[in-house]
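The opening position of the sequence shown corresponds to residue -12 in our numbering, with each subsequent residue numbered one higher.
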Amino acid sequence: MQHLNIPLSRNSKTTRRTRWVVWLLAFGIGLLILGTSWISTLWFTRDTIYAAAPENTVMAVRLFVSGNKGKSVESMTKNFPLISNRSITFSDLAPYIAGEFVLFVNADGSQSVAIREGKTPLPQTLLDAHSINVQHIRNHITLLSEKTEVLKPLLLQTKIIPGFSFPGHEWIGEFIYTNQPHRSFVYASEKRIFVTLPGIHPSGSVFKQIPKETIAYLSNPLLTNTKKDFLDPFLPLMQSIVDPQFLRHLSTLSSEKSQVILTKDTEGIGFFLTTKESDTKNSINNEQALRTISALNAPKIQETLLSDGSTIKELIANPDAISVEQITLLGTQISRIQINNTDILAGSTKKKEIFLTNRESLFRAQQEGNKSSTKICSGNVVGIAIQPLVDMQNQHAYSPNTSPLLLFAQNFSSIGVKTNMFSTTINLCK
C-alpha cells in the first residue's frame, strides 16, 4: 500500500508569513487612507477665505455648509441677519455658496460676511434689494457688507490638526477671536451646537447649586464684562422685575465671584444677586441702599405757590424718611423693606457675601444647600432658558426686540456655558 504524502497541518511557516504580510498591508492601507483624509481636509479647509477680513475684525465664525453640515448651519442661523442693518440670511445666500462662509464681527459690533461663491453667481437683484456692498477678493471669495470695508487679512497659525467628525459629533466650523492665537472648532450633535474655548473663567465663580424653577443664571466676569448688546434684550425684563435702581448695583459688583439668578414661580419672577464683600469696588451700606431705592420708588409730591399765583410740583425722595425693618433668618441679620407690595431683602451672609433678593425662599435655598435642580444646558457659569425670558421681555418691552443676538438665540431652547480649569465650553441646546 502506498501512502499519500498530504500535509494535514495548516500552520506552516509560509502561512504565518502570509498572514503577517496581509496585516501589515492592511495597516499600511489604513494609514494611507487616514493620511489622505488628513491632507484633503487641511486642503479644503485652508484659510484663504480669511483674506476678506475687515480691518477692525475682533471675531470670526467660519461655517462649512457642504452636505449634512448645511442643515445644521441652517437650523442655527434661521432668521439671523448676517450683515448689520440688513435682513439677508444664510437661507438667502445658500444657493450661491460653495462650501463655506465666514461671519466677521468688528470692534463696533457691525457684521459682514465673506462667502466662497459657487458656479451660480450672486444675482444683482438680490444684492440691490438689500442694499449690500460687494467686494470681490480673489478665487471666488466675496465680502458682503453694508459699506465698503478696508481689508486686513487674518494671519493665523498654520492649522496642523483639523477638526474631524465623529459618530454623533460633526465638525461644522471654527471660531476665531483675534486677540488669541487659539482657533476653536464648532461641532454639531443631535441635541446641541458647541464650541470649546481656552479657560477664561476664574475658579470659585461656578454655580454649585441651582434653585428649582430657575430660568436664568449668570456669573462674573461674564456679568459685568458682557457687551451692552447682549444685555439690551433683557433690560426691559430686568427693569420690570428688579427695580431700575437695583440695576445700578451691578456696577458695584466685583470683577469676579458675583452671581445673579432669576426664577419663575406662582408669585412671578424672583431674583437673587450676590457678590463677595471683600471684592467690591466700593463699600456698600445695605440699609442705606434699601432706603434710597424705596425713596426713589415712592417720591412725595410737594406743591409750591409762586408769586404770580401759579404752582409748581416737585418730586422729593427722602431716604432718611424711610424705615427699614431688621429681621434675622438662619442666624443672618437682614434688612427688609416693602416696594410695590413685595418684600426686598438685603444683607451679608456668614460667607461674607452681600445679597439682594425678593424671595426669602431663594435666600434659604442658598444658605441651607437644598437639593439642586438640573443645570440649564449643562452650564455652570451661565444658563439661560431662552423662551421664558423672550416671552417676558416682549411682554414688558415697549416694542418687540429684534436684535441679531436675540434672533440667533431663539433658534435654541437654552444656552449654557461650562468652565473648568482648562477650557470653557459654550453649549447651544436645541
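We put the beta carbon where it would ideally sit given N, CA and C, even for glycine.
Reduced DSSP category for Met379 - H, G, I as helix; E, B as strand; rest coil: What you label residue 379 is simply residue 392 of the sequence shown in a count that begins at 1. The answer is helix: DSSP assigns Met379 an H, G or I state.
Cα-Cα separation between Pro41 and Asn93, rounded to whole angstroms: Taking the sequence shown and counting its residues from 1, one reaches residue 41 at position 54. Taking the sequence shown and counting its residues from 1, one reaches residue 93 at position 106. Each residue's alpha carbon lies about 7 Å from the other.
Residues bridged to Gln313 (per DSSP): For the purposes of this step, residue 313 is identified with residue 326 of the sequence shown, where counting begins at 1. Ser322, per the DSSP bridge assignment.
Pro119 vs Ala38 beta-carbon contact at 9 Å: As a working note, residue 119 is residue 132 in the sequence shown. As a working note, residue 38 is residue 51 in the sequence shown. The residue you asked about is not Pro; residue 119 is Ile in the sequence shown. The beta carbons of Ile119 and Ala38 sit no closer together than 9 Å.
Per DSSP, the bridge partner or partners of Pro41: The sequence position of residue 41 within the sequence shown is 54, counting from 1. Pro41 pairs with Leu138.
C-alpha distance - Ala175 paired with Glu161, whole-angstrom precision: By 1-based counting over the sequence shown, the position of residue 175 is 188. By 1-based counting over the sequence shown, the position of residue 161 is 174. Distance between the alpha carbons of Ala175 and Glu161 is about 12 Å.
Val247: first and last residue of the uninterrupted beta strand (DSSP E) it sits in: Here residue 247 refers to the residue found at position 260 when the sequence shown is read from its first residue. Run containing Val247: Ser245 to Asp252, per the beta strand (DSSP E) assignment.
Spatially closest choice to Asn72 from Gly296, Glu301 and His117, by CA coordinates: The count along the sequence shown starts at 1 and reaches residue 72 at position 85. For the residues Gly296, Glu301 and His117, the minimum Cα distance to Asn72 belongs to His117.
Cβ-based burial, Asn328 [other Cβ within 10 Å; buried from 16]: On the sequence shown, position 341 is the one that residue 328 refers to. Looking at its Cβ environment, which holds fewer than 16 other Cβ atoms inside 10 Å, Asn328 is exposed.
Local Cβ density within 10 Å of Val9, reported as buried at 16 or more and exposed below that: Along the sequence shown, read from residue 1 onward, the residue named residue 9 stands at position 22. Exposed.
Given Thr262 as reference, the closest of Leu249, Ser192, Asn305 and Val173 once Cα atoms are compared: If you number the sequence shown from 1, residue 262 lands on position 275. Comparing Cα positions, the closest option is Ser192.
Rounded distance between the beta-carbons of Arg103 and Ile36, thought under 8 Å: Numbered from 1 along the sequence shown, position 49 holds the residue referred to as residue 36. Numbered from 1 along the sequence shown, position 116 holds the residue referred to as residue 103. Contact holds; Cβ gap of about 6 Å.
Sequence ranges, beta strand (DSSP E) only - wholly within the region 50 to 101, length at least 3: 84 to 93
Reference Ile70; option with closest CA among Tyr83, Leu131 and Ala13: Along the sequence shown, read from residue 1 onward, the residue named residue 70 stands at position 83. Minimum Cα distance to Ile70 is reached at Leu131.
Coil, strand or helix - Asp330 by DSSP: The count along the sequence shown starts at 1 and reaches residue 330 at position 343. Reduced to three states, the DSSP call for Asp330 is strand.
Cys416 classed as buried or exposed, judged by whether at least 16 other C-beta atoms fall within 10 angstroms: Reading the sequence shown from its first residue, position 429 is the one you call residue 416. Cys416 is buried by the Cβ-count criterion.
Opening and closing residue of the alpha helix (DSSP H) in which Gln353 lies: Taking the first residue of the sequence shown as 1, we reach residue 353 at position 366. In the DSSP assignment, Gln353 falls within the alpha helix (DSSP H) that extends over Glu347 to Glu355.
Beta carbon of Cys364 nearer than 9 Å to that of Arg170: Translated into the one-based positions of the sequence shown, residue 364 becomes position 377. Translated into the one-based positions of the sequence shown, residue 170 becomes position 183. Result no, Cβ atoms of Cys364 and Arg170 do not sit closer than 9 Å.
Cβ neighbours of Leu292 in the same chain (closer than 6 Å, five flanking residues each side left out): Translated into positions along the sequence shown, residue 292 becomes position 305. Apart from sequence neighbours up to five positions away, the residues of its chain that approach Leu292 with a beta-carbon distance below 6 Å are Thr298, ordered along the chain.
Where Ile119 falls: helix, strand or coil (DSSP): Position 132 of the sequence shown holds residue 119. Coil, per DSSP.
Whole-Å CB distance - Ala333 paired with Asn273, under 8 Å assumed: Taking the sequence shown and counting its residues from 1, the one referred to as residue 333 is at position 346. Taking the sequence shown and counting its residues from 1, the one referred to as residue 273 is at position 286. Between Asn273 and Ala333 the Cβ distance is about 4 Å, and since that is below 8 Å, they are a contact.
Under 9 Å between C-beta atoms of Val60 and Tyr164: Working through the sequence shown from its first residue, we reach residue 60 at position 73. Working through the sequence shown from its first residue, we reach residue 164 at position 177. Result no, Cβ atoms of Val60 and Tyr164 do not sit closer than 9 Å.
Bridge-paired residues (DSSP) for Leu343: The residue labelled residue 343 in the question sits at position 356 within the sequence shown. Partner(s): Leu260 and Ala333.
Range of the contiguous beta strand (DSSP E) that encloses Thr411: Against the sequence shown, residue 411 aligns to sequence position 424. In the DSSP annotation of this structure, the continuous segment of the beta strand (DSSP E) that includes Thr411 starts and ends at Ser410 to Cys416.
Residues that DSSP places opposite Leu292 in a beta bridge: Here residue 292 corresponds to residue number 305 of the sequence shown, with the count starting at 1. As computed with DSSP, Leu292 is found in a beta bridge with Thr298.
Three-state secondary structure assigned by DSSP to Ala285: Numbered from its first residue, the sequence shown carries residue 285 at position 298. Coil at Ala285, not helix or strand.
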